[in-house]
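Some notes on the structure that comes next.
Residue numbers (the numbering used here), protein chains in the order written: chain A, 1 to 117; chain B, 1 to 116.
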């Protein structure tokens with residue numbers, strides 16, 4: 001149980017284009033989903049927290065107009081990197097908190113490797 | 001505010017030896033603490049968690065951790081290392097002081113190397 005998927009697992013795009021990453025909780029309903037980015041050999045940096053049906057809460061320093069988050073249902077959240085540039089290249093990981101389990105544990109997706117040329 | 005410090009960015013042990021990964025936390029409220037493992041190019045897998053029940057927590061793959069309030073520590077141990085334990089390990093504390101969001105604050109990570 002508690003499986004989170006991400007799609008795509010990797011993507012290469014040209015500078016200036018937009019990329020959408022999907023995060024799905026496959027076998028549970030998620031009250032909250034989180035988006036992280038991770039640079040090589042570093043820890044995870046929280047970008048934003050999203051709750052179904054409401055606007056995402058972004059961490060300080062994260063541009064909300066560049067990283068668009070939509071949490072359309074209790075099983076799906078999307079992150080869109082708009083007008084991507086090489087400095088946006090990173091490993092993006094989502095996680096979801098399980099509604100039934102009291103929301104005190106995050107389950108992580110496998111990550112999406114974004115490379116912007 | 002919560003924070004986590006993992007002592008030692010790199011730990012190397014021999015196969016069959018004791019694994020000890022150190023984690024100290026700071027929290028203004030009773031903490032929820034977690035250990036996650038990350039294999040290369042993958043997401044994080046939950047090893048174990050402490051949520052104010054028993055102070056000695058047993059997790060998957062033979063790992064366990066003990067919550068010590070007096071030392072503000074939550075060190076991860078395994079009696080006998082296996083080659084498959086080689087990975088990156090993250091300690092995290094849940095930010096439960098801000099409306100119960102469950103936001104995780106991660107330590108810097110510790111790379112565990114297991115030598116044959």
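C-beta atoms are modelled at their ideal positions from N, C-alpha and C, and glycine is treated no differently. Since this is a predicted model, take the numbers as computed values, not measurements.
| Query | Result |
| --- | --- |
| What does the alpha-carbon distance come out to for the pair residue 71 of chain B and residue 14 of chain B? | 28 Å |
| Give the C-beta separation of residue 57 of chain A and residue 25 of chain A to the nearest angstrom, bearing in mind that I take them to be a contact with Cβ-Cβ under 8 Å. | Actually they are not in contact, since the Cβ atoms of residue 57 of chain A and residue 25 of chain A sit about 19 Å apart, beyond 8 Å. |
| Can you tell me the Cα-Cα spacing of residue 94 of chain B and residue 84 of chain A, whole angstroms? | 31 Å |
| Are residue 58 of chain B and residue 34 of chain B closer than 8 Å when you measure CB to CB? | no |
| Listing by chain order, which chain B residues have their CB less than 8 Å from the CB of residue 107 of chain A? | 46 |
| Is DSSP giving residue 87 of chain A helix, strand or coil here? | helix |
| Please confirm if residue 54 of chain A has its CB atom under 8 Å from at least one CB of chain B. | no |
| In terms of residue numbering, what span does the beta strand (DSSP E) encompassing residue 3 of chain B cover? | 3-7 |
| Can you list the beta strand (DSSP E) stretches of 3 or more residues lying completely in the region 4-64 of chain A, in chain order? | 4-7, 10-13, 19-25, 30-38 and 44-51 |
| Shortest alpha-carbon distance to residue 5 of chain B belongs to which of B/116, B/110 and B/114? | B/110 |
| In chain B, which residues lie with their C-beta within 9 Å of the C-beta of residue 46 of chain A? | 103, 104, 105 and 106 |
| Alpha carbon to alpha carbon, what distance is there between residue 102 of chain B and residue 97 of chain A? | 8 Å |
| Once DSSP output is grouped into helix, strand and coil, what is the label at residue 104 of chain A? | coil |
| Would you say residue 40 of chain A faces chain B, with C-beta separation under 8 Å as the test? | no |
| Just the chain C side, please: which residues come within less than 9 Å of residue 8 of chain A by C-beta, in chain order? | Considering every chain present, this structure includes no chain C. Its protein chains are A and B. |
| From residue 98 of chain B to residue 49 of chain A, what does the alpha carbon distance come to, in whole angstroms? | Legend: pLDDT at residue 98 of chain B = 49, less than 50; position of this residue unreliable, no value from coordinates given. |
| Return the chain-ordered list of same chain residues with a C-beta closer than 6 Å to the C-beta of residue 20 of chain A, the five sequence neighbours on each side being excluded. | 78 and 80 |
| What does the alpha-carbon distance come out to for the pair residue 110 of chain A and residue 38 of chain A? | 12 Å |
| Taking Cβ positions, are residue 55 of chain B and residue 63 of chain B nearer each other than 8 Å? | no |
| I'd like to know whether the C-beta atoms of residue 28 of chain A and residue 2 of chain A end up nearer to each other than 8 Å. | yes |
| Going along the chain, which unbroken runs of the beta strand (DSSP E) with 3 or more residues stay wholly within the region 28-94 of chain B? | 33-38, 44-50, 56-58, 64-68 and 73-78 |
| List, in chain order, every chain B residue whose beta-carbon is nearer than 8 Å to that of residue 93 of chain A. | 43 and 44 |
| Taking only the alpha-carbon atoms, compute the straight-line gap between residue 46 of chain A and residue 59 of chain A and give it to the nearest angstrom. | 7 Å |
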